[in-house]
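Protein chains in written order, with this note's numbering: chain U, 1419 to 1655; chain D, 0 to 821.
Note sheet for the following structure.
Have a look at this one:
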């Protein structure tokens, strides 16, 4: 059974404990930032920032809302980046956890192609072209721990568990949330292992909150490779 | 907190006002969220829309410094709409008390006022004018119908009749419809069985009316029957993990451990001291718990001086320093004296006054007058390095600074007491690095060396030092268990108490066993019961809840007093001992009943506030062997009328010392007539001054802590909040031509600080009458030493030297500034 994470943005307080916990567990360097007129920092995900709480102030139905979106890799069930890379030494899925893993070998890939394949705009490249993103704290999971971000969450906005449990929980939480947020929805729950619950139009949180047909996904050559299945590797189409 | 963190989950309505719990107490939101999932409403009132507001059902803004007007309007609303809890108010509060003829209130002044031209206190009251009327036995006269014109209830009604929606809205800048929505929602908790809670912090305390801000809410909580119940209470969110503990153990100049009084010069004997501070009640139904004062003071002296404290030498009372009558030694006064050159040496222990002190320029200047300073901290800070700070000339500063590196909290064993009064034992994690040492070791060795010096060299008055008991060492190191046991207290000789033989040297089971004859010691009576012959209660970790299942977890850690998790819990039951709230009950009487009378005593649930019988039998007859529930009050009642406060028995709205309005709409008294305002050259103030047109306030953010000493050197946190900033509305930014993200100057009458502008929808201009008033906010986490640019400075350079008359806490939450482009 693969693992899943639920991120209920309706009870997220934007404290950013998850963002720091991620840096701490992965021992990632801090970025040199400046305040550009917002609490959000850094401004985007990067090779050194796998998790970022995006913050937006929106007037919705005449009322001010401060939206927090703890952005990270969705660990897609059929991950376009993995399909695109087509190299298990670079990108693979841990069959025990469902976590999509990037290795140092990603340096050999066409980084922009991989990034372009992600419907959620998550992977980021180093100067040398190596790619990085959230690894679901796969090492922690194998040692009986929850991902660092989930452990740090004070309100219970982030939950971790077996996929069926998390899906069930997501359904329950959605029902609850709908009472306060009639437009509440789960984002691509059937396609991803990191499921967001949002209270408002997903595009208000970030441009890439939901997968969209007009961007990301598989390029034609990748689709072809996929169609040809196991033979593709042999033929290197 | 009268209640505790977990208990927030039991609330039906949570008011977050004067705090920003989601950002500054993030874990509290676990319980706020749980309450909301069960249907509780969350109300947030704050000048600025915060991360707390983002989760609130109802958010509205008020101008900083107008909380009493806002809450005074709520009192009027509750009374006018008959929403107070009649039974509770009449039974458990002093609303039925008759106030004496001398009491009066006119145009912002209560009876008994005398102005003080010299300062720093602007004036004071003769509080005897506010006394209650007593019957022939010396018991307060009561009118339980609350109809008598001189009852507290009627006087309150009259006092707040002036707080009508129009005036309140004009003062606070809060729209009337928002006021009504908040009042209506919160007042709904007055219904029996419903509970409302308040989560407040420095947004309420740090004003010239700070104490009265909290008093106003306490009155509301009493009227709505929200004290003593689960999900209710008056809950201060403490700003540091152990602020509660350090306050309990006498952090402040005017109190001793366990809230005993610091002796005054006029308390010239132990007898005079005990007589002065022990309240007397003639009412047999009043527990008047402080009548035990001498037991606690003598036990404390026994703890200080051990064997050398005897009855013949008044247990060493005369060895103690006394404070001059009428003098005040608060933070402000210490630095005022230092500024004037009257203080020669200074221990800055675990603090950073160069950034945390209000009017920090004065604080920094003051330190130049010192001969020496000892900075005990985990890192060097702006205080230890003040002599090389901005604008200083080190060659002209004589102060010699010593740095003693201290261990971090996780590197040492000991307890912390959280906001909910839970004393929690912590084991040592990693060992201290380098030559850093635990505070306990530092102070223990310091004490030993001073004692040796006095023993050898004599000294002016060596008795207190030489006789001080100082035996907290095991194998050459400070032993936190010895200190914790000392705080709990010992029997100092074999003695029979309550028919039980207590052996010399054993630990006292609880403060009910403390004695006035020197046969017991206790370093803090409130903590007596925390470390007993049964072991270290604070180290307990059982996750078993109590039978009422409301999250008391009575065997997880320990809380004062006597492990009572919700104080004043006898007000959570009706006079017959039955819980008002049948579902989330705190305690209930479970004694046997015979012929309509209770015949045996038994309470279940939390530790009751005294185990007496309920006030009434099941048949409604009154019992003579009961006590009123508010046992720490002299008369046993919750104080709607508070005649002990320096600034009046009823809270009244006054403007902050620095404010944007020419007139106080409620009276011709602009500022609290008893406020404390300092007036050296370094204490400039400017009110209604066109040079400083905007209201300013200070606050914290999730990403930094206090003066930032522990967080600014932490790159992951600096990544999140790298710069000193000022938040302002889009309207103000437009007015000043300021772009989002641009650097600007924020200036007050005292100083100027460079900030990054955050132009946000989360601040909105206030409509104050016909005028538009803008407000801005700055975090106080920065200081010149780090980041290395030196450009990110402390917000406290801007804040004023003015404070509350009861506590002298500074007014950092409302002052006037200007904002200009660089």
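Positions of the beta carbon are idealized from the N, C-alpha and C atoms, including for glycine.
Fair warning: this is a prediction, and the values are worked out from it, not measured in the lab.
Do you know offhand how far residue i's Cα is from residue j's?
i	j	result
residue 439 of chain D	residue 422 of chain D	18 Å
residue 631 of chain D	residue 1610 of chain U	58 Å
residue 196 of chain D	residue 428 of chain D	36 Å
residue 805 of chain D	residue 674 of chain D	9 Å
residue 386 of chain D	residue 379 of chain D	12 Å
residue 59 of chain D	residue 46 of chain D	8 Å
residue 188 of chain D	residue 73 of chain D	13 Å
residue 342 of chain D	residue 371 of chain D	10 Å
residue 337 of chain D	residue 803 of chain D	21 Å
residue 124 of chain D	residue 672 of chain D	10 Å
residue 7 of chain D	residue 0 of chain D	11 Å
residue 132 of chain D	residue 796 of chain D	48 Å
residue 1507 of chain U	residue 1545 of chain U	20 Å
residue 1505 of chain U	residue 1536 of chain U	16 Å
residue 1490 of chain U	residue 241 of chain D	35 Å
residue 293 of chain D	residue 515 of chain D	6 Å
residue 739 of chain D	residue 819 of chain D	13 Å
residue 205 of chain D	residue 698 of chain D	11 Å
residue 1573 of chain U	residue 537 of chain D	26 Å
residue 777 of chain D	residue 794 of chain D	6 Å
residue 558 of chain D	residue 564 of chain D	6 Å
residue 719 of chain D	residue 1437 of chain U	9 Å
residue 236 of chain D	residue 23 of chain D	9 Å
residue 1454 of chain U	residue 743 of chain D	13 Å
residue 16 of chain D	residue 1530 of chain U	49 Å
residue 1582 of chain U	residue 1590 of chain U	12 Å
To the nearest whole angstrom, what separates the beta carbons of residue i and residue j, a pair I think is in contact under 8 Å?
i	j	result
residue 1556 of chain U	residue 1512 of chain U	6 Å
residue 490 of chain D	residue 499 of chain D	At roughly 11 Å, the Cβ-Cβ gap does not stay under 8 Å, so residue 490 of chain D and residue 499 of chain D are not in contact.
residue 691 of chain D	residue 817 of chain D	5 Å
residue 604 of chain D	residue 547 of chain D	5 Å
residue 762 of chain D	residue 655 of chain D	So it is not a contact: roughly 18 Å between Cβ atoms.
residue 322 of chain D	residue 264 of chain D	7 Å
residue 483 of chain D	residue 535 of chain D	7 Å
Could you name the residues that DSSP lists as bridge partners for residue i?
i	result
residue 1578 of chain U	U/1423
residue 1487 of chain U	U/1472
residue 596 of chain D	D/593
residue 1519 of chain U	U/1510
residue 501 of chain D	D/494
residue 13 of chain D	D/41, D/196
residue 757 of chain D	D/726
residue 1494 of chain U	U/1610
residue 89 of chain D	Paired residue(s): none; residue 89 of chain D is not in a bridge.
With 16 other CB atoms within 10 Å as the buried threshold, where does residue i fall?
i	result
residue 193 of chain D	buried
residue 1655 of chain U	Low confidence applies to residue 1655 of chain U: its pLDDT is 38, below 50, so where it sits in the model is not reliable, and the reading given next is rough at best. So residue 1655 of chain U counts as exposed.
residue 1434 of chain U	buried
residue 721 of chain D	buried
residue 769 of chain D	exposed
residue 808 of chain D	buried
residue 84 of chain D	buried
residue 667 of chain D	exposed
residue 792 of chain D	buried
residue 689 of chain D	exposed
residue 747 of chain D	buried
residue 320 of chain D	exposed
Problem - Positions along the region 1420–1435 of chain U whose CB lies within less than 9 Å of some CB in chain D - result: 1428, 1429, 1430, 1431, 1432, 1433, 1434, 1435
Practice task
Please list the residues of the region 1438–1457 of chain U that have a C-beta atom closer than 9 Å to any C-beta atom in chain D, keeping them in chain order.
Solution key: 1438, 1441, 1442, 1446, 1447, 1448, 1449, 1450, 1451, 1452, 1453, 1454, 1455, 1456, 1457
Handout entry: Near-chain D residues of the region 1544–1576 of chain U - C-beta to any C-beta below 7 Å
Key = 1572, 1573, 1574
Problem - Contact set between the region 758–789 of chain D and chain U, restricted to residues whose Cβ is under 8 Å from the partner - result: 758, 759, 760, 761
Problem - Interface positions of the region 620–648 of chain D facing chain U (Cβ-Cβ less than 7 Å), listed along the chain - result: From the region 620–648 of chain D, no residue has a Cβ closer than 7 Å to chain U.
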